[in-house]
Amino acid sequence: MVAGAVIGATIADLHNQRREVVEGGRTIYNEPDRIIIRDPGGQAYVRGNDLYRFRYGARDIRTDTVGGETRTVVIRPDGSEVITVVGPDGSLLRRIRRDPGGREIVIIDNSYRDPRAVGGFYVDVPPPVVNIPYDRYIVDAEEASPDVIYATMQAPPVQRIERRYSLDEIRYSPNVRMQMPSIDVNTINFETGSWTIPPDQAARLQVIADGLNQAIQRNPREVFLIEGHTDAVGNEVDNLSLSDRRAQSAAELLTQQFNVPAENLTSQGYGEQYLKEQTQGPSLINRRVTVRRITPLLNGGQASLPPPPPGTAPPR
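Numbering (the working numbering), first residue to last: 356 to 671.
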């Protein structure tokens with residue numbers, strides 16, 4: 356176990372650690388560090404705990420629970436703090452960075468719900484109309500120059516953003532996410548059933564990390580979603596867990612080796628839902644991670660919401 360996540364294992368090693376329960380018509384698969392939920396309609400998704408990523412290099416960690424909310428403060432060697440607030444069900448509500456002088460920046464406010472939001476976190480909107488070249492909408496990291504990668508991390512939405520979305524709405528609504536260009540990080544490859552990034556491939560993330568760090572230095576409130584994917588080999592539950600671990604592995608490596616601020620990254624696995632190569636067999640192309648800037652989706656298309664004064668509530 357490293358940073359709370361199983362490292363160097365394969366998905367088969369988790370089978371004897373997985374527990375299945377049925378609650379309210381939903382089937383829930385519990386693993387040591389995440390859960391997979393299948394709802395009565397057959398849709399399934401995975402939810403992990405990215406607090407593990409913040410423990411790396413921490414000077415101290417404090418956790419308090421008040422009124423059903425759990426607040427975890429990770430104190431770094433320079434005195435800055437990352438504050439994560441989760442609800443009673445473990446879902447993220449807010450993530451805040453506080454500098455040594457007490458100035459706070461709200462990076463993610465997942466407690467926000469737009470008045471037009473209906474039901475759960477799936478948002479039923481039409482696919483976006485894309486009027487930019489395909490290779491600038493879905494960027495191939497192996498072929499793209501560092502300038503193109505950085506430009507993609509700063510690129511605006513492909514169409515006007517109608518409202519603010521919560522992080523969960525972005526995670527679980529493909530047509531919402533697809534309003535933003537993305538980068539397929541096909542410079543790293545995963546073995547079948549594994550989420551390990553081989554050491555000889557880790558250096559290939561340098562250009563991605565440089566682009567992320569430049570973008571975050573320009574706007575400290577930038578948020579990037581690291582998406583994990585699998586090929587179609589294996590069952591749905593295994594692939595959701597595996598893809599989520601691949602996304603987390605990439606996010607951890609970006610922080611630990613390249614100093615990308617952990618709080619500006621979030622990760623989510625999608626299993627075999629979005630195959631690039633339409634095959635049911637093994638596919639290296641489909642075993643991948645993707646990086647997508649989601650800041651405009653979180654703030655409703657505004658360039659940057661101003662940080663609130665220290666001690667005040669997040670923007671609504």
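All C-beta atoms, glycine included, are put in the ideal place defined by N, C-alpha and C. This structure is a prediction, so every number in the text was calculated from the model and none was measured.
*Do three or more CB pairs link the region 600-620 to the region 567-587 at distances below 8 angstroms?*
The answer is yes - the region 567-587 touches the region 600-620, with three or more Cβ pairs under 8 angstroms.
*Do you know how far the Cα of R515 is from the Cα of A499?*
Here residue 499 is taken as the residue at index 144 of the sequence shown, counted from 1. Here residue 515 is taken as the residue at index 160 of the sequence shown, counted from 1. So the two alpha carbons sit approximately 26 angstroms from each other.
*asked:* Would you call the region 423-433 in contact with the region 637-647, where contact means no fewer than 3 C-beta pairs closer than 8 angstroms?
replied: Flag = no, the region 423-433 and the region 637-647 do not touch.
*Along the chain, where does the alpha helix (DSSP H) that runs through D599 open and close?*
Locating residue 599 in the sequence shown gives position 244, where the first residue counts as 1. Residue range E591 to F613 is occupied by the alpha helix (DSSP H) that includes D599.
*Alpha carbon to alpha carbon, how far is P554 from S435? Give it in angstroms, no decimals.*
One-based indexing of the sequence shown puts residue 435 at position 80. One-based indexing of the sequence shown puts residue 554 at position 199. Each residue's alpha carbon lies about 30 angstroms from the other.
*Please go through the same chain and pick out, in chain order, the residues whose beta-carbon is closer than 6 angstroms to the beta-carbon of P575, but skip the five residues on each side of it.*
Reading the sequence shown from its first residue, position 220 is the one you call residue 575. Around P575: I460.
*Compare the C-alpha of S466 against each of P501, R519, V513 and V485 and name the closest.*
The residue given as residue 466 occupies position 111 in the sequence shown. Ranking the options by Cα distance to S466, first place goes to R519.
*Run through DSSP, which three-state label would V578 get?*
One-based indexing of the sequence shown puts residue 578 at position 223. V578 falls in the coil class under three-state DSSP.
*For A399, which three-state DSSP category applies?*
On the sequence shown, residue 399 is found 44 positions in, with the first residue counted as 1. Per DSSP, reduced to three states, the secondary structure at A399 is strand.
*DSSP puts G583 in a beta bridge; with which residues?*
Stepping through the sequence shown from its first residue, residue 583 is reached at position 228. For G583, which the question treats as bridged, DSSP gives the partners G624 and V644.
*For V485, collect the residues of the same chain with a Cβ closer than 7 angstroms to its Cβ; drop the 5 residues on either side in sequence, then sort them by chain order.*
As a first step, residue 485 must be located in the sequence shown, where it is residue number 130. So the qualifying residues of the chain are Y492 and V513.
*Please classify D479: does DSSP put it in a helix, a strand, or coil?*
By 1-based counting over the sequence shown, the position of residue 479 is 124. If DSSP states are grouped into helix, strand and coil, D479 belongs with coil.
*Unbroken beta strand (DSSP E) run spanning R381, endpoints*: What you label residue 381 is simply residue 26 of the sequence shown in a count that begins at 1. That run of the beta strand (DSSP E) goes R381 to E386.
*Compute the beta-carbon to beta-carbon distance between R389 and N371, rounded to the nearest angstrom, for a pair I have assumed lies under 8 angstroms.*
Within the sequence shown, residue 389 is the residue found at index 34, counting from 1. Within the sequence shown, residue 371 is the residue found at index 16, counting from 1. Taking C-beta atoms under 8 angstroms as the contact rule, R389 and N371 fail to qualify, at a distance of about 16 angstroms.
*asked:* For V588, list the residues DSSP reports as bridge partners.
replied: Mapped onto the sequence shown, residue 588 falls at position 233. Note: V588 sits in no beta bridge, so no partner.
*Who are the near neighbours of I525 in its chain, counting only those whose CB is closer than 8 angstroms to its CB and skipping five residues on each side?*
Residue 525 sits at position 170 when you count from the first residue of the sequence shown. Hits under 8 angstroms: V531, R532, L580, I649, L652 and L653.
*CB contact flag (V440, R453, <8 angstroms)*: Position 85 of the sequence shown, counted from the start, is the residue given in the question as residue 440. Position 98 of the sequence shown, counted from the start, is the residue given in the question as residue 453. A distance of 8 angstroms or more separates the beta carbons of V440 and R453.
*Alpha carbon to alpha carbon, how far is K631 from I504? Give it in angstroms, no decimals.*
As a first step, residue 504 must be located in the sequence shown, where it is residue number 149. As a first step, residue 631 must be located in the sequence shown, where it is residue number 276. I504 and K631: Cα-Cα distance of roughly 20 angstroms.
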